[in-house]
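K.L.:
First, the structure itself, so that you have it in front of you.
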Amino acid sequence: MADSVQRNAAAKSGSSQTIRELLVYALPYSRLFIGVIALVIVYNLTQVIQPYLVKIAIDRYLLVRNAVLAPLVEIGVVYLGITLIGLLANLFQTRVIASAGQQVVRQIRIDLFSHIESLSMAFFESHDTGRLITNVASDTTRISQFFTQFLLSVIRDGLTIVLVMGAMLILNWKLGLLSALVIPVIVAISLVFRPHLHKIYSTTRSRQSRLIGFIAENLTGMRIIQVFHQEKKQLGAFNHLNLPYQNANVNEFRWDVFFNRSFDLLGNMSVAFMAWAGGMAVFHHSIKIGVLYAFISYIQQFFEPINSLTQNWNTLQSSMISAERVSAVLATPPLLLDPPAPLSPDSVTGRIEFDHVGFAYDPARPILRDINVTIAPGQFIGIAGETGAGKSTLISLLARFYDVTSGAIRIDHVDIRDMRQEDLHRWVAVVQQEVNLYSGSIADNIRLFRSEISDTQVKEAGRITGADDFIRRLPQGYQTWLTPHGANLSAGQRQLLAFARTIVLDPKILVLDEATANLDAVSEIAVQRGLMEVAKNRTTIVIAHRLSTIRFSDCIYVLDKGRVVESGTHEQLITGRGYYAEMLQKSSLAQHAEIT
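End of the sequence shown = 1247 in the working numbering, gap-free, step of one.
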């Protein structure tokens, strides 16, 4: 019991904090929300006045001996005018709150996406892509409902309740107080349902995220699924996730209906009670029939906003779950921060020092151990080693996707942790095995949509890397439109575009992380030719899957179990008959005469 109370208190505290965070986003648009409140007041006054006008018509001009038509016509005209004003106020308040809500959510989306971009690689390795997609797309949409539905409902319906109660107390304070007895019952029902609804909505959103994550993962890897004929197995896995999501939605709907119908029943019972109590008062001449009509109308008006609030209470719970999930991402601090006083050289020569570098995701299982390597400006360096030796990790540290656990990495004698990351990535460019291309023209993908890079620079980058040859053969040349992921290009062509994208930035340090691993022999030759051009006048580090790629390196460093076990030229390492020679012997390339 105590645990349940603590959980409920924690949930309440968390929801309050989340609401405060959302309202902070609304502050820049406070004028719009003030306008909404003004329109709500106008609308609610028109709604409260209407039953009172009917009450006047009944008691003063209908239930009298000498009824006169003219005052009734006047009341009808006033009633029609008030109704029209109410309709216009309702129309404009809905439009204004929708505009304000969408502007707020637009800013939340911008902040969320910008924050996600600032997070380190460690975050993306521990968080499912599908859930992040849900955060940016689905969760922010649900947050918009907090402003466009729930916040409007709280303002409008809350004011309606206050005005209706005031009108009832003015008409007859005894019946007004009698009507107020229902308020504690409403509060009790809300408190009983609240923790259950919060838990149910949380479960539904969590299962939705897992389902979206599974879909995103499978769409990305559809080629592999079809090649290995895993469609039925993945469909089974999809159903395994889809069924719990369906059950969660059904359960959410069941509780929503139960919650809302509870207030419908309470409202009907209240009307019946007021009809009985008011009828007895009319029978004993304590009130007039017009007053009874007004009271019954007000009771109905009283429960309309309550029903609206309960329905939007569901929206609130759903929005709070989404807002909590978004807040959790926004609260995740970037692990890699720029220094307060960065050292930002205007240019670098390309000298690199790995000074006693160590790294571990888990302190008990180090990935790299005491790496000591110095690379002179302009050198062509090869990194070799078996899978899991730490090659890619070493390059990730150089690009500062992670920070070293021990030691330091320096460029031109400056620790990279003392540089701004923007400056570091201007000098160090990484071409990875998997090339990411985007929907757009080839020119757009080379310049990465940066307008400051001219067409001349784009074409020069294509010429240097050798990509220009195949690009000019395309129907629209550099303006050829690429499908998502560059699916209308070959693997070799995509890799050449990655080189061109890198060279257009003119980095002083070029890193290739097994960039030719998935290429056929013909494509590899084209890419290697482009690599030789790209490597001129810059420090180049190549992680090799095929050792032929690094045969002509100035120096090759061989890693095993996170340590440098050998270093030297290709010929020196073969002559030494050590670990590199063993790797070469195991490689299929050992059969080619040019290597042996």
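Each residue gets a CB set at the ideal place from its N, CA and C atoms; glycine is no exception. From a predicted model like this one, the values you see are computed outputs, not experimental measurements.
1) How long is the line joining the alpha carbons of residue 1079 and residue 1225, rounded to whole angstroms?
2) Name the residue from 1227, 800, 1214 whose alpha carbon lies nearest to the alpha carbon of residue 1021.
3) I'd like the list of long-range same chain contacts for residue 914, defined as Cβ closer than 6 Å, with 5 residues on each side in sequence excluded.
4) For a quick check, are the C-beta atoms of residue 1155 and residue 1108 less than 9 Å apart?
5) Which residues in the same chain as residue 671 place their Cβ atom closer than 7 Å to its Cβ, once the five residues preceding and following it in sequence are excluded?
6) For residue 932 and residue 752, what's the separation of their Cα atoms in angstroms?
7) Decide if residue 1221 is buried, meaning its Cβ has at least 16 other Cβ atoms within 10 Å, or exposed.
8) Quick one: residues in its chain with C-beta nearer than 7 Å to the C-beta of residue 1125, no 5 flanking neighbours on either side, listed in chain order?
9) Where do the ends of the alpha helix (DSSP H) carrying residue 930 lie?
10) In whole angstroms, what is the alpha-carbon distance linking residue 1091 and residue 1099?
11) How many angstroms separate the CA atom of residue 687 from the CA atom of residue 1123?
12) In chain order, which continuous runs of the beta strand (DSSP E) of length 3 or greater are located wholly inside the segment 1079-1153?
13) Judging by CA-CA distance, which residue of 692, 771, 1081 is the nearest neighbour of residue 606?
14) What would DSSP say about residue 818, mapped onto helix, strand or coil?
15) Apart from the five residues just before and just after residue 1055, which ones in its own chain have a Cβ nearer than 7 Å to its Cβ?
16) Does the distance from the CB of residue 830 to the CB of residue 921 come in under 9 Å?
17) Report the rounded CA-to-CA distance for residue 846 versus residue 737, giving the unit in angstroms.
18) Suppose contacts are defined by Cβ-Cβ distances below 9 Å. Is residue 755 in contact with residue 673 by that definition?
19) Would you kindly report the start and end of the unbroken alpha helix (DSSP H) that includes residue 830?
20) Decide if the segment 1184-1191 is in contact with the segment 1113-1122; the criterion is three or more beta carbon pairs, one per stretch, under 8 Å apart.
21) How would you write the range of the beta strand (DSSP E) that residue 1192 sits in, first residue to last?
22) Enumerate in chain order the residues of its own chain whose CB-to-CB distance from residue 683 is below 6 Å, with the five nearest sequence positions on each side excluded.
23) Using a Cβ-Cβ cutoff of less than 6 Å, which residues in the same chain neighbour residue 656 once the five nearest sequence positions on both sides are dropped?
24) Go ahead and pull the three-state DSSP assignment for residue 703.
25) If contacts are defined as beta-carbon pairs under 8 Å, then residue 826 and residue 819 qualify, I think. What distance do you get, rounded to the angstrom?
26) Are the beta-carbon atoms of residue 762 and residue 860 separated by less than 9 Å?
27) Quick one: using the 10 Å Cβ neighbour count with 16 as the cut-off for buried, is residue 990 buried or exposed?
28) Any idea which residues DSSP pairs residue 1208 with across the strands?
29) Can you list, in chain order, the residues of its chain with a C-beta nearer than 6 Å to that of residue 1149? Leave out the 5 residues immediately preceding and following it.
30) Given this structure, state the Cα-to-Cα distance separating residue 1066 from residue 1153, to the nearest angstrom.
31) Does the distance from the C-beta atom of residue 970 to that of residue 796 stay below 9 Å?
32) At what residues does the beta strand (DSSP E) containing residue 1160 begin and finish?
33) Kindly give me the distance between the Cβ atoms of residue 1194 and residue 1046, rounded to whole angstroms, as I take these residues to be in contact under 8 Å.
34) Please report how far the alpha carbon of residue 862 lies from the alpha carbon of residue 1014, in whole angstroms.
35) From residue 973 to residue 954, what distance separates their C-alpha atoms?
36) Who are the Cβ neighbours of residue 1061 in its own chain at under 6 Å, not counting the five residues just before and after it?
P.N.:
So, from the listed chains and residues:
1) Rounded to whole angstroms, the separation of the alpha carbons of residue 1225 and residue 1079 is 30 Å.
2) Ranking 1227, 800, 1214 by Cα distance to residue 1021 puts 1214 first.
3) Result list for residue 914: 957, 958, 961, in chain order.
4) A contact, by the Cβ cut-off of 9 Å.
5) Only residues of its own chain outside the window of five on either side were considered, and among them none has a CB closer than 7 Å to the CB of residue 671.
6) So the two alpha carbons sit approximately 47 Å from each other.
7) Residue 1221 is classed as buried because its beta carbon has at least 16 other beta carbons within 10 Å across all chains shown.
8) The beta carbon of residue 1125 sits closer than 7 Å to those of 1131, all from its chain and outside the five residues before and after it, given in chain order.
9) 882-934 is the span of the alpha helix (DSSP H), which, as asked, contains residue 930.
10) Straight-line spacing of the CA atoms in residue 1091 and residue 1099 works out to 10 Å.
11) Rounded to whole angstroms, residue 687 to residue 1123 spans 58 Å at the Cα level.
12) As far as the segment 1079-1153 is concerned, its whole beta strand (DSSP E) runs of at least 3 residues are 1079-1083.
13) This structure leaves residue 606 out entirely; the chain is present only between 652 and 1247.
14) If DSSP states are grouped into helix, strand and coil, residue 818 belongs with the helices.
15) Cβ neighbours of residue 1055 within its own chain (closer than 7 Å, five residues either side excluded): 1008, 1009, 1010, 1048.
16) Yes, the pair counts as a contact, with Cβ atoms nearer than the cut-off.
17) Residue 846 and residue 737: Cα-Cα distance of roughly 36 Å.
18) Going by C-beta atoms, residue 755 is nearer than 9 Å to residue 673.
19) Residues 824-831.
20) In short, these stretches touch, since the Cβ pair count reaches three.
21) Bounds of the beta strand (DSSP E) holding residue 1192 are 1190-1194.
22) By the criterion of a C-beta distance shorter than 6 Å, residue 683 is surrounded in its chain by 747, 751, once the five residues flanking it on both sides are discounted.
23) Confidence is the limiting factor: at residue 656 the pLDDT is only 40, short of 50, which leaves the residue's position unreliable, though a coordinate-based value still follows. Only residues of its own chain outside the window of five on either side were considered, and among them none has a CB closer than 6 Å to the CB of residue 656.
24) Helix.
25) Contact holds; Cβ gap of about 7 Å.
26) No, the pair does not count as a contact, with Cβ atoms beyond the cut-off.
27) Under this definition residue 990 is an exposed residue.
28) Paired residue(s): 1034, 1218.
29) Close CB contacts of residue 1149 within its chain, under the 6 Å cut and outside five residues either way in sequence, are with 1082, 1086 (chain order).
30) In this structure, the CA atom of residue 1066 is about 23 Å from the CA atom of residue 1153.
31) It is a contact, given that the beta carbons lie within the stated cut-off.
32) That run of the beta strand (DSSP E) goes 1160-1164.
33) The Cβ separation is near 6 Å, so the contact holds.
34) Looking at the two C-alpha atoms, the distance is approximately 33 Å.
35) Cα to Cα, the separation comes out at about 28 Å.
36) Excluding positions up to five away in sequence, the list reads 1004.
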